[in-house]
Amino acid sequence: MKNTVTTFQQMKEKGEKISMLTAYDYSTAKLVDEAGVNSILVGDSLGNVMLGYEDTIAVTVDDMIHHGRAVAKGAKNALVVVDMPFMSYQTSVYDAVVNAGRIMKETHCGAVKLEGGAVVCPQIKAIVDASIPVCAHLGLTPQSINAFGGFKVQGKTVEAAQKLIDDAKAVEEAGAFAVVLECVPAKLAKLVSEAVSIPTIGIGAGNGCDGQVLVYADMLALFSDFCPKFVRKFANVGEMMSQAFREYDAAVKDGSFPAEEHTYKIDDEVIEKLY
Ligand code: KIV
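Heads up: the sequence shown begins at 63 in this note's numbering, then just goes up one per residue.
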């Protein structure tokens, strides 16, 4: 069954957990979709995972469209959410609507995601008014990494925790259909989840959230530059790939690949008539 923003709302109301994983290409999106995961996030984490950047700052709208279009083609039932990258919505409400519109038109995704609370509510409202569903993102927002001074758990003081709750209520009021909570203490994330009627999707925010999201390359141990504490490695695909690459290299070099069964035939008569 096709997942939509309405499905998300119904799942929260029924107390059913929402699953979300990132993907950045057609083949991975197909596998995630076929596994029954409710939503695929084309995260700007593609800057780290796919493009080898240190952070997400350099990711462009064109990058997001390039990958978002491929993912949308592979996802039949999952709700595809595409991240709005750094400086594609912070600059003005106008820029936000134009860039969200481009992402929707050129990828055929179902929603966009942007980072920030009350400060980006005018943008959220304007994008939603243009009939584009918006997922908000609070807590550790990687596009603000330079302002945060590193990857740190958020909301640990009374003021910061209160701001997180206020921001969650503000993005709900502005029309967001869901909110990602990243790197937030579990008890606080549970409080936020109870304080708003839209679903919360946690990443490093404990199991009191209405759903969970992980970067697929983290949970498969494909991406090894760094691994946050909140990741569970569901498989060691990185090691399987390394092993396969080593075996391929050896087979090419010792001549055992390609073998007879990987080879196309031609009539000897044709070969004999050649000079
Ligand atoms: O870019 C991304 O992958 C994200 C998730 C970490 C939520 O925003």
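Every residue gets a Cβ at the ideal spot worked out from N, C-alpha and C, and that includes glycine.
At what residues does the beta strand (DSSP E) containing residue i begin and finish?
i              : result
aspartate 145  : 141-145
methionine 361 : One cannot answer for residue 361 here, as it falls past the ends of the chain, which runs 63 to 337.
alanine 198    : 196-201
glutamate 177  : 173-177
Taking all protein chains shown into account, decide if residue i is buried (16 or more other Cβ within 10 angstroms of its Cβ) or exposed.
i                : result
histidine 199    : buried
cysteine 289     : exposed
isoleucine 263   : buried
tyrosine 86      : buried
glycine 77       : exposed
serine 107       : buried
phenylalanine 70 : buried
asparagine 208   : exposed
leucine 284      : buried
histidine 129    : buried
glutamate 244    : buried
valine 220       : exposed
asparagine 338   : What is shown of the chain runs 63 to 337, which leaves residue 338 out entirely.
methionine 303   : exposed
threonine 90     : buried
proline 320      : exposed
threonine 68     : exposed
The alpha helix (DSSP H) with residue i in it runs from where to where?
i              : result
methionine 166 : 155-169
threonine 90   : 88-96
histidine 129  : 123-136
cysteine 245   : From DSSP, cysteine 245 is part of no alpha helix (DSSP H); its letter is neither H nor E.
glycine 300    : 299-316
threonine 68   : 67-76
glycine 268    : Where glycine 268 is concerned, there is no enclosing alpha helix (DSSP H), given that its DSSP letter is neither H nor E.
glutamate 221  : 220-236
alanine 188    : 183-191
isoleucine 102 : Per DSSP, isoleucine 102 belongs to no alpha helix (DSSP H); it is in the beta strand (DSSP E), 101-104.
isoleucine 328 : Run containing isoleucine 328: none; DSSP gives neither H nor E here.
tyrosine 278   : 278-281
leucine 108    : 108-111
serine 210     : It should be pointed out that residue 210 corresponds to phenylalanine in this sequence rather than to serine. Taken as a continuous stretch (DSSP letters only), the alpha helix (DSSP H) holding phenylalanine 210 covers 207-210.
Figure out for me which residue from the options has the closest Cα to the Cα of residue i.
i                 : options                        : result
methionine 82     : Val104, Glu75, Thr68, Val254   : Val104
glutamine 274     : Asn161, Val196, Ile80, Gln216  : Ile80
glycine 98        : Gln72, Ile186, Leu141, Lys74   : Leu141
threonine 122     : Met146, Val174, Thr219, Gly217 : Met146
glycine 270       : Phe285, Lys291, Pro247, Met281 : Pro247
methionine 166    : Asp157, Arg131, Gly136         : Arg131
phenylalanine 239 : Asn298, Met126, Glu256, Ile194 : Ile194
methionine 63     : Lys138, Ala120, Glu116, Asp124 : Lys138
glycine 179       : Val159, Asn161, Ser206         : Ser206
valine 144        : Val155, Gln152, Arg164, Ser154 : Arg164
aspartate 228     : Glu256, Phe285, Asp287         : Glu256
asparagine 161    : Thr169, Cys171, Ser150, Phe307 : Ser150
valine 155        : Thr90, Ala267, Val181          : Val181
threonine 153     : Pro184, Gly136, Val133         : Pro184
lysine 74         : Pro261, Arg294, Ser318         : Pro261
alanine 223       : Ala158, Leu250, Ala232, Lys231 : Leu250
valine 159        : Asp125, Cys171, His170, Ala188 : Ala188
lysine 92         : Asn100, Gly136, His324         : Gly136
valine 293        : Ala267, Glu334, Met126         : Ala267
tyrosine 115      : Ala279, Asp287, Thr203, Asn100 : Asp287
So residue i and residue j are supposed to be a Cβ contact under 8 Å. How far apart are they, rounded?
i           : j           : result
alanine 173 : valine 196  : 7 Å
glycine 201 : glycine 217 : 6 Å
valine 277  : valine 133  : That belief does not hold up - the Cβ atoms of valine 277 and valine 133 are roughly 14 Å apart, past 8 Å.
lysine 231  : valine 258  : 6 Å
Q | By C-beta, the residues closer than 7 Å to any heavy atom of the ligand KIV, given in chain order | A | Thr84, Leu103, Gly105, Asp106, Ser107, Thr118, Asp145, Lys175, His199, Pro204, Val242, Glu244, Ile265, Val275, Val277
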